[in-house]
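Report on the following structure.
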Amino acid sequence: MYFKKVRLKNYRNFSNLSIDLDSNLNIFIGNNAQGKTNLLEGLNLIIKGSSYRTKEDREAIKWNNESAYLFGEINKDDENIQIALALEKKSEDFYKNKLIKTIKINQNIQKKAVLNKEFKGVVFSPEHLQIIKGAPSLRRKFLDEQISQVYPLYYKYLSEYYRILGHRNNILKKEINQKKKKEKLLIWDPRLIERGSFLILTRIKFIKKINRLAYKFHQKITKEKENIKLTYQSNILKDQEENISSINKEFKDKLEEHREKEIEQRATLLGPHRDDFSVYINGFNIASYGSQGQLRTVVLSLKLSEVELIKEKEGVYPIFFLDDVMSELDEDRRHFLLGLIIDKKVQTFITSINLDYFNSNIKEKSRIFKIEEGKVTSP
Ligand SMILES: Nc1ncnc2c1ncn2[C@@H]1O[C@H](COP(=O)(O)OP(=O)(O)O)[C@@H](O)[C@H]1O
Ligand SMILES: [Mg+2]
């Protein structure tokens with residue numbers, strides 16, 4: 125799957141952009157604040173229907189404009205597909221100043237879900253370095269997004285789980301009558317356990333798969349110097365259980381065990397919404413001991429694994445977005461990464477402030493663009 129061309133109109137700092145893209149490696153060079161990240165965000169927005177940078181679609185509209193239009197032509201299984209995305213501020217009263225987003229695939233209006241089913245992308249952005257050092261919620265978000273992209277059922281269960289959790293927390297917070305409270309909890313518990321156990325099991329299996337792939341990538345990037353290992357930490361299971369009925373049972377036991385404590389603290393204390401995972405390099409927890417370059421390499425190995433997993437599941441490689449990945453990688457690591465992208469022919473968009481990171485062989489095999497104040501040229 126690859127972009128053949130992209131057109132952006134009044135999107136971020138681009139007034140009018142129209143470029144043809146390479147099916148393999150595209151390099152965007154530019155100084156700070158010229159639009160490199162904006163462009164990657166825009167390409168990804170076309171295939172995802174929403175931005176990985178902001179929840180507010182209207183932020184993507186060029187300042188002092190009322191609408192933005194993004195268009196991409198994508199080749200998938202030798203078929204050319206056109207995706208058009210319109211973001212339009214509606215000032216009429218009827219719309220209550222809302223932003224209207226319209227997605228069209230080959231001229232037909234479609235839901236975002238259709239887009240997400242058809243097109244896959246993997247993004248590396250400097251903010252993702254937070255995955256390792258930041259709060260557990262960031263790691264859960266990372267896991268949930270990765271898994272949802274390959275297993276749509278997971279996304280459904282995840283939303284249901286959070287809905288049930290909301291009901292349950294509401295009861296814990298608001299029901300004053302103690303007897304009623306316990307009765308109501310007992311109604312929601314089986315549903316929480318059922319969805320929750322599925323989430324835990326899927327995450328454990330997913331981590332196992334990622335471990336297998338990430339290990340290989342990480343060995344190669346680091347020239348066999350570093351072993352990577354991820355472990356899932358469930359607050360319910362004692363061991364990494366892979367049997368759904370045992371997970372169900374442990375979940376149920378734990379809820380009963382913590383009943384009084386939950387009532388006292390007025391919140392659901394246990395479940396996948398409080399789980400976490402850790403990454404170890406040569407047996408040491410990278411969150412505490414990793415250098416900047418090591419962290420970056422770890423996130424890169426995880427992203428490469430995601431790319432590979434999508435290929436295993438879908439039969440085609442996703443589109444790969446690498447924002448500012450080069451700066452803290454040493455030459456060996458950069459070389460491995462670029463070699464891999466070219467070997468596997470994954471369409472990749474890579475931004476950098478410096479073209480020196482790319483050797484002549486890579487430059488020959490890629491399309492290079494220069495970005496300056498929202499204008500793109502090919503030198
Ligand atoms: N909605 C917008 N309209 C116009 N300009 C924008 C908008 N959003 C961001 N920008 C501009 O884009 C610049 C940042 O571009 P970015 O792609 O993040 O830079 P970089 O090339 O460093 O990755 C900011 O300096 C800002 O001026
Ligand atoms: Mg940037």
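When the sequence shown is numbered by the numbering used here, its final residue is 503 and no position is left out of the sequence of numbers. In this text, a Cβ means the ideal position worked out from N, Cα and C, and glycines have one as well.
**Request:** Using 7 Å as the cut-off, classify the Cβ of Asn137 as near or not near the heavy atoms of ligand 1, replying yes or no.
**Result:** In this structure, the C-beta of Asn137 approaches ligand 1 to less than 7 Å from one of its heavy atoms.
**Asked** Who are the Cβ neighbours of Thr501 in its own chain at under 6 Å, not counting the five residues just before and after it?
**Response** If we look at Thr501 and ignore the five residues flanking it on each side, its Cβ neighbours are Lys494.
**Message:** Quick test of the definition: if touching needs 3 or more C-beta pairs under 8 Å, does the region 339-347 touch the region 291-308?
**Reply:** Below 8 Å, too few C-beta pairs join the region 339-347 and the region 291-308 to call them touching: fewer than three.
**Prompt:** In this structure, does DSSP put Tyr275 in helix, strand or coil?
**Reply:** Under the three-state reduction of DSSP, Tyr275 is assigned to coil, being neither helix nor strand.
**Request:** Starting from the C-beta of Phe341, find all residues in its chain whose C-beta is less than 6 Å away, skip the five residues before and the five after it, and write them out in chain order.
**Result:** Excluding sequence neighbours, Phe341 sits near Ser425, Leu428.
**Closer than 7 Å: Thr92 CB and nearest ligand 2 heavy atom** = Past the boundaries of the shown model lies residue 92; the chain is included only from 125 to 503, so the question cannot be answered.
**Asked** Under the three-state reduction of DSSP, which class applies to Asn240: helix, strand or coil?
**Response** Here Asn240 sits in helix by DSSP.
**Request:** Tell me where the beta strand (DSSP E) around Ile198 begins and ends.
**Result:** It spans 191-200 - the beta strand (DSSP E) in which Ile198 sits, taken as one unbroken run.
**Message:** Within the continuous alpha helix (DSSP H) that includes Ile410, where are the two ends?
**Reply:** Segment 410-413, the alpha helix (DSSP H) holding Ile410.
**Asked** DSSP three-state call for Ile339: helix, strand or coil?
**Response** What sits at residue 339 in the sequence shown is Tyr, not Ile. When secondary structure is reduced to three states using DSSP, Tyr339 falls in the helix class.
**Per-residue burial, Asn168 [other beta carbons within 10 Å of its own, 16 or more giving buried]** = Buried, by the Cβ-count rule.
**Request:** Check each candidate in Leu223, Glu242, Leu277 and name the one with the smallest Cα separation from Ile443.
**Result:** Ile443 has its Cα closest to that of Glu242, out of Leu223, Glu242, Leu277.
**Minimum length 3: unbroken beta strand (DSSP E) runs contained in the region 348-432** = Runs of the beta strand (DSSP E) inside the region 348-432: 352-357, 400-405.
**Ala157 - partner residues in DSSP beta bridges** = Paired residue(s): none; Ala157 is not in a bridge.
**Request:** Name, in chain order, the residues that DSSP records as bridge partners for Ile474.
**Result:** When DSSP reads this structure, Ile474 sits in a beta bridge with Ile151, Leu446.
**Prompt:** Leaving out the 5 sequence neighbours to the left and right, which residues in its chain are closer than 7 Å to Lys468 when beta-carbon positions are compared?
**Reply:** Leaving aside the five residues that flank Lys468 on each side, the residues in its chain whose CB is nearer than 7 Å to its CB run, in chain order, Tyr441.
**Prompt:** Residues bridged to Ile486 by DSSP?
**Reply:** According to the DSSP secondary-structure assignment, Ile486 is paired through a beta bridge with no residue.
**Request:** Look at the alpha carbon of Ile324 and the alpha carbon of Asn188, and state the distance between them as a whole number of angstroms.
**Result:** When rounded, the distance between both Cα atoms is 46 Å.
**Message:** Using C-beta distances below 8 Å, list every residue in its chain close to Thr392, excluding the 5 sequence neighbours before and after it, in chain order.
**Reply:** Same-chain partners within the cutoff: Leu289, Arg292, Asn293, Leu296, Leu316, Glu386.
**Asked** Should Gln273 and Lys244 be called a contact, given that it needs their Cβ atoms to be closer than 8 Å?
**Response** With respect to Lys244, Gln273 sits close: the two C-beta atoms are nearer than 8 Å.
**Request:** State the start and end residues of the unbroken beta strand (DSSP E) segment that holds Glu455.
**Result:** Per DSSP, Glu455 belongs to no beta strand (DSSP E); it is in the alpha helix (DSSP H), 455-468.
**Message:** Please output, in chain order, the residues near ligand 2 using a CB cut-off of less than 7 Å to any non-hydrogen atom of the ligand.
**Reply:** Ordered by chain, the residues meeting the criterion of a beta-carbon within less than 7 Å of a non-hydrogen atom of ligand 2 are Lys160, Thr161, Asp447, Asp448, Thr475.
**Request:** Could you check which residue in Tyr278, Leu253, Leu194 has the C-alpha nearest to that of Ile227?
**Result:** Checked all of Tyr278, Leu253, Leu194; the closest Cα to Ile227 is Leu194.
**Request:** Check whether the Cβ of Ile368 lies closer than 7 Å to any heavy atom of ligand 1, and answer yes or no.
**Result:** For Ile368, the CB stays at least 7 Å from every heavy atom of ligand 1.
**Prompt:** Roughly how many angstroms separate the alpha carbons of Arg263 and Gln270, rounded to a whole number?
**Reply:** So the two alpha carbons sit approximately 11 Å from each other.
**Asked** Shortest alpha-carbon distance to Lys257 belongs to which of Tyr404, Val449, Glu381?
**Response** Nearest of Tyr404, Val449, Glu381 to Lys257, Cα basis: Tyr404.
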